[in-house]
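Here the structure is laid out as structure tokens; the discussion comes afterwards.
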Amino acid sequence: MREGAKPIHKEKLIFEGGKFCLDMAKLILGGVVLASVMQQDVNVWLLVSIGLGAVLAFVVFGFILIGKISSN
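Here the sequence shown stands for residues 32 to 103, numbered as in this note's numbering.
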């Protein structure tokens, strides 16, 4: 490690990863809403179901990461 460099704490990195997952879920949800409002030739039900599945996965994984740090 370089002199003067701060060590990266594993807990902080995991917590930030959890926050990143929650931010990604918000962005995907916004993208799904915007894409479903636009008048394009897409299957709206397929778009919403895949989008909500991805949002659910990111939310669950984000809360797992944040909860893992909070429980320690």
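By construction, the Cβ of each residue, glycine as well, lies at the ideal position given by its N, Cα and C atoms. Given the structure is predicted, the values throughout are model-derived calculations rather than measurements.
CB of residue i within 7 Å of CB of residue j, strictly
i             : j              : result
alanine 56    : valine 79      : no
glycine 62    : leucine 96     : no
isoleucine 45 : isoleucine 100 : yes
Simplified DSSP assignment, three categories, for residue i
i             : result
methionine 69 : coil
serine 102    : coil
Close-in-space but distant-in-sequence residues of the same chain around residue i (CB under 6 Å, 5 per side omitted)
i          : result
glycine 93 : Gly49, Cys52 and Leu53
leucine 60 : Val86
Cβ-based burial, residue i [other Cβ within 10 Å; buried from 16]
i             : result
isoleucine 39 : exposed
Chain-order list of residues whose beta-carbon lies under 8 Å from that of residue i (same chain, five-residue window excluded)
i         : result
lysine 37 : none
Own chain residues within Cβ distance below 7 Å of residue i, not counting five before or after
i            : result
glutamine 70 : none
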